[in-house]
Amino acid sequence: MPRLMHDQPGWLAIAALSFNLQGIALAQSALSAENSVVNPTTPAAPASSAKQPYVDKLIESLQSASELNAEEDDFNSAGWSRSWHADYSLLSEKVLSRRTFQALSLGGFIDTPDYGALSLIANLSRQQSSSLSQTYQYRSSSWRIDQRGMPLGGGWRANYSAGDINTGLTSLARGTGRISLPSSPIHGISSQGYSGADLEIQAATGKTGLFNGLGLTSFNTSSGQLSTLGAQIKLPSDLSSGRSHAALQIIEGQRLTDSDGAHMDTRAIWLAQSWEGKAPWATELRPGNPAPAERRGGLRLQGNLLQSTDISSGSGSGSGSGSGSNNKGNNHRALGLWADANWRSERWRNSAGGFRFEPNLRWGSMPLANDIQGIYWQADSSTRQWQYGFSTELSDRISHTSAESDGRSAFFNLNGRYRIDSRSSVGANLNLRALNGTGQALALNWDRSNHWGQTQLRADLTRSGEVTSKRLGVDHSWATAAPASLNTTLAWETLSGGANSGKSLIWGLQASLPSTSQWSLDAALRGERRSNSSEALNADLGLRWQSTGGWSLSLRYTESRGRQLQQQQVLSALTAASLPAPTQLPAMRSLQLLLRFEEHAGKTYAPLGGAPGSAAGSLSGVVFYDADGNDRREVSEGGVPNITVILDRRYVTRTDSQGRYEFQAVVEGQHLVEISSDNLPLPWSPLQRSAIKVNIHVREASIQNFAVQRDK
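Under mature numbering (1 follows the signal peptide of the UniProt record, and there is no 0), the letters of the sequence shown match residues -27 to -1, 1 to 685, in that order.
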């Protein structure tokens, strides 16, 4: 970033100090003249004792005007605002065998008045692995181009993306209730045109694939092909009667692979309509800017219909006991229906709905919750001291394979928190599930703030099936100078019943020192030691040095060994049906060295949304799994990789393998930042689904974390 003269601290102080020194010197000379008149006999000072020139040792290290002008001349102010960076990475990784990666990454953006903001990120890596006496070499790549906010005239704007992206969704498809459509990763192109909130059109097509890699992100394509088309329109209505939207989305896939490894084609169509306004039973709708459902007397309704058809080709390892020819053309048609209602009363914020998902229901390459039907109701309220809420769900299977299999389930959750005073609060959470999948879970916690930071004591008692878990832990967020942070955790757990019976000691540490100077540091350590002498460790340590010439050097060490046991939980049937199959990563160890050069240019430079000469800061944070639902990142809560983060609905970046993101050189002032739910596994969803306002301060690192929570 160029150093402009008015950005240098102390110029007004120097001028004022110079003016004051001149005034003091004049006063002293006048006083000396007066003394020489009053005391004419005072002898003159010898020539050797003449005053030396005044030197201010406190400000002599400041740069001279010539040096500042030279720095201004080095900055290229011609053309549009733009920046670019080049990275070279060297990664050594040991999983089952030793692997070495070399990667080159190029990225940048240019902000134009007529074509929107264009950004590019591209990665090219080469891998060399050794196994026994053989050596293998592989090449992989990942790239993405975005053009956002391109004006088309008539109030229309467009967003375009190409490369390793995700299929788009309309705002109604993202949902405001417990159920939403998933987004699939593809290697292809997508486009979106919109005219305010009145009309939106989306389209995308590409090859299916998966994001993978820990230290270096890459994208592996498969043989499948996905295409999607969607539209959303605001229906004409009287302003006093509320507002209504309708949406349609179609997705088609060819040569996709199901869970058994067989190839199939799939088609699905989704229809939805929403309405929001004053509730029929309310006397008035409280005025304000939030959505009607967030205001007293407001109501929002949305109905959804989804139909999917799968045509299995019978080719693959999992085609069943019969031959592939016998299964060819086997069709599975499924219907999904769900409706959500959100309303706000004088005290309570409510959400209720019903759902019916037939077996084999899916959306493109992503399976949905299926073979389940039921209803639910959630409500919460808060006062100055109290926060409390409840949720309940009744569900049943649609298909019953045998008389003994009873799919009926009842779930109830009760939670509350009481603030004792300005420093202390207590909370409790109770989960009960009856009939099918019986379980009980009770969690108690106590928070206390002091001059050392904030301490939380937690006690958990869970019984799920034949397994009983008892856990007692303490979490502490240490008082540090902002924006640095230091969190520690220590817990004891006892498991009885099942294959993992025994006692465990769980510990963790999380530290962060953002780039307020030339150095930045982040560290996350989590470990577990069990009574059977087995251990587990996850470590992620990073160190970064930033020079003044655009160069930076980063060193990152990661290690994972052993298997950490998942904490026992009691979930509702709908949430459990949406969970993906658990995966276990092999033990690994890696060391990465990254060298980066970054440069900015442009006469309107303040890269992310500024005017000429505007001062800037930076924005960074973490997208993390908020397992305990307290909107605060604990040491045991990991980051979410490959999540799209959008600044001012114009600038785009992705989280890395640890869930971190960063926007450098953001103009000071208020901005909007939000995350997209692409690559977010169901049933996790962002706690804040709308954009969040953040304030950027000059030469400061602003932190904004995003919590994603799972339905109970």
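No residue lacks a Cβ here, since even glycine has one placed at the ideal position from N, Cα and C.
Annotated as distal: Leu526 and Leu482, with beta-carbon spacing of 9 Å or more. Nearest to Ser663 by alpha-carbon distance, out of Pro263, Gly327, Leu310, is Pro263. For Glu647, the pairing in a beta bridge is given by DSSP as Ile619. Within the DSSP bridge table, the entry for Glu571 names His58 as partners.
Considered as a whole, the segment 425 to 500 harbours 426 to 437, 440 to 451, 458 to 469, 475 to 486 as its complete beta strand (DSSP E) runs of no fewer than 3 residues, in chain order. Just so you know, the alpha carbons of Asp344 and Trp243 end up roughly 18 Å apart. Shown here, Ala266 sits in a helix according to DSSP, grouped into three states. Collapsing the DSSP output to three states places Arg72 in a strand.
Nearest to Ser103 by C-alpha distance, out of Gly81, Thr73, Gly89, is Thr73.
DSSP places Thr356 in the coil class of the three-state scheme, outside both helix and strand.
Beta-bridge annotation (DSSP): Val399 is paired with Tyr391, Trp419. The beta carbon of Ile162 lies closer than 6 Å to those of Ala135 in the same chain, with the five residues before and after it left out. DSSP places Ser658 in the strand class (E or B) of the three-state scheme.
Residues Pro332, Asp344 of the same chain have their beta carbon placed closer than 8 Å to that of Ser372, with the five preceding and five following residues left out of the count. DSSP places Leu279 outside any alpha helix (DSSP H); the residue lies instead in the beta strand (DSSP E), whose first and last residues are 271 to 285. By a beta-carbon distance limit of 8 Å, Thr143 does not contact Ile159. Their separation comes to about 17 Å. In this structure, the straight-line span from the alpha carbon of Leu430 to that of Gly250 is close to 43 Å.
Considering only Gly327, Val618, Glu571, the residue with the shortest C-alpha distance to Ala59 is Glu571. Val447 is positioned such that its CB atom lies closer than 9 Å to that of Ala464.
Less than 9 Å separates the beta-carbon of Gly590 from that of Arg672.
Leu279 is classed as buried because its beta carbon has at least 16 other beta carbons within 10 Å across all chains shown. Assigned with DSSP and collapsed to three states, Arg240 falls in strand. Tyr530 is the residue among Ile152, Arg503, Arg55, Tyr530 whose C-alpha sits nearest the C-alpha of Gly515.
Judged by beta-carbon spacing, Gly438 lies beyond the 9 Å limit of Thr467, meaning their Cβ atoms are not closer than that value.
Asn473 is a Cβ neighbour of Leu538, given a cutoff of 9 Å. For Ala550, the three-state secondary structure derived from DSSP is helix.
Counting along the chain, Leu172 sits inside the beta strand (DSSP E) bounded by residues 172 to 185. When only Cα atoms are considered, Tyr391 and Leu403 end up about 15 Å apart. In this structure, the straight-line span from the alpha carbon of Gly169 to that of Gln413 is close to 47 Å.
By the neighbour-count criterion, in which 16 or more other beta carbons inside 10 Å mark a residue as buried, Ser504 falls on the exposed side. Assigned with DSSP and collapsed to three states, Leu91 falls in strand.
Inclusion of Trp321 and Ala352 in the CB contact set at 9 Å is warranted, their separation being smaller than that value.
Between Ala131 and Gly166 the beta-carbon gap is near 5 Å, inside 8 Å, which marks them as a contact. Judged by DSSP secondary structure, Ser507 falls outside any beta strand (DSSP E); it is assigned neither H nor E.
Nearest to Leu510 by C-alpha distance, out of Ser493, Trp524, Leu494, Trp480, is Trp480.
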